[in-house]
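Here is the structure we will look at, set down as structure tokens.
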Amino acid sequence: MRQAGRSLPEYRAAREGTAMLEACLDPALASEITLQPVRRHDVDAAIFFSDIVVPLKLAGVDVEIKPGVGPVMGSAVRTAEDVARLRDLGPLTAEQLAPVAEGVARTVAALGSTPLIGFAGAPFTLAAYLVEGGPSRDHLAARTLMHADPETWVALTEWAADVTGAFLRAQVLAGASATQLFDSWAGSLGLADYVAHVAPASARALSHVEDLAADGVRRVHFGTGTSELLVAMRDVGADVIGVDYRLPLDEANRRLGGRTPLQGNIDPALLEAPWPVLEAHVRDVVARGAQAPSHVVNLGHGVPPTTDPDVLTRVARLVHEI
Ligand code: 1CP
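The sequence shown begins at 1 in UniProt numbering and counts up one residue at a time.
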């Protein structure tokens, strides 16, 4: 899950003096940071160190990741003219994606038999940053645009789908074994808006890796606060649904008709609870997840930066014991 590395002293040392997006585009550094939590926690898979805004940066968007804030745009994308300028940047080329492909290839070589998960942001979550100009609470400007000017919204989310889809595809072609599409902020949408204004673009993003599913490259789709959207999120073309910490996995499995593998669900807040409380929670998550066709044990959202890394190691060991 995002920012597992942030709680590690070796991550902070490696990142010293290097801006976030610069680190993402340095293949040797991105690879080293990806490997750090795998070495420490003995987890069964790695997630590539990058960020959902990396493809925007590669396409030429003025974006940076401000420490303690998150992705911030040079200017917000609000009008048809703004979107036309984005579309003029064109689709991402293999040449632009080369630092990502090289970082993945190096990482896969170093990981040996441990699989690497590649990832990208879903078009709505990217559009939420582009339209708001940075992080926001309820993504009001983005949700307004989809209703106030649906044509501009479609043009924006189609462009975002192709840029993020190309980023996802490049990671698989370079050796990633699975993909995860993060629609972190889709939980701010009602089901009707999701289906009408967001699902088509998410399906378009995932279509960029659809042919690779035949080689066993599974597509995980994750959002937060999306308990009411799970079925719609599966139906855009996902093989696995990531569930945050709000809905128990037996209930998520019921909503999905008992036929979809699940991922996630450990509540990050409990990482700082006394061990017996955390242990009982992990055991409960695994027991409920066992009702689904399969379950990839993971957190329900990012690792808080203050987490004691030894607790994460202990959780991984407990899950292996179970
Ligand atoms: O652990 C890892 O390093 C995995 C790589 C990873 C992933 C999968 C990073 C590195 N970012 C992401 C995805 C990501 N980025 C998401 C989707 C997952 C989620 O919901 O958490 C989102 C929403 C972002 C955007 C982002 N990037 C934020 C959130 C801001 C907001 O709007 O609340 C932040 C803080 C970042 C910066 C970032 N990305 C990654 C790291 C390690 C960091 C922190 C940089 C640092 O402080 O060192």
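Each residue gets a CB set at the ideal place from its N, CA and C atoms; glycine is no exception.
Since the structure is predicted, the reported quantities are computational estimates derived from the model, not experimental observations.
Between glycine 118 and alanine 176, the gap from beta carbon to beta carbon is short of 8 Å. Contact check between the stretch 91-103 and the stretch 155-175: three or more CB pairs, one atom from each, fall below 8 Å, which counts as touching.
It is roughly 19 Å from the alpha-carbon of isoleucine 33 to the alpha-carbon of proline 55.
Using a Cβ-Cβ distance cut-off of 8 Å, the stretch 238-248 and the stretch 215-224 are in contact, since at least three pairs of beta carbons, one from each stretch, lie closer than that value. Around the beta carbon of serine 7, 16 or more other beta carbons sit within 10 angstroms, so the residue counts as buried. Per DSSP, the beta bridge partners of lysine 66 are Gly70. Scanning its chain for C-beta atoms nearer than 6 Å, with the 5 sequence neighbours on each side dropped, one finds around histidine 295 the residues Leu262, Gly289, in chain order. The C-alpha of glycine 187 is placed about 22 Å away from the C-alpha of glycine 258.
In the displayed model, histidine 295 falls within a strand according to three-state DSSP. With contacts defined by Cβ atoms closer than 8 Å, valine 319 and valine 277 do not form a contacting pair. Here alanine 178 is bridged, per DSSP, to Ile117, Arg218.
Put simply, the backbone Cα of proline 27 is about 7 Å away from that of arginine 106.
Secondary structure at valine 243: strand, using DSSP grouped into helix, strand and coil.
Under the three-state reduction of DSSP, isoleucine 52 is assigned to coil, being neither helix nor strand. Under the DSSP assignment, leucine 278 falls in the alpha helix (DSSP H) whose first and last residues are 275-289.
In the structure shown, the three-state DSSP call for glycine 264 is strand.
Following the DSSP letters along the chain, one finds alanine 110 inside the alpha helix (DSSP H) bounded by residues 98-111. Using a cutoff of 7 Å, the CB of phenylalanine 124 does not count as near ligand 1, since none of the ligand's heavy atoms is closer than that.
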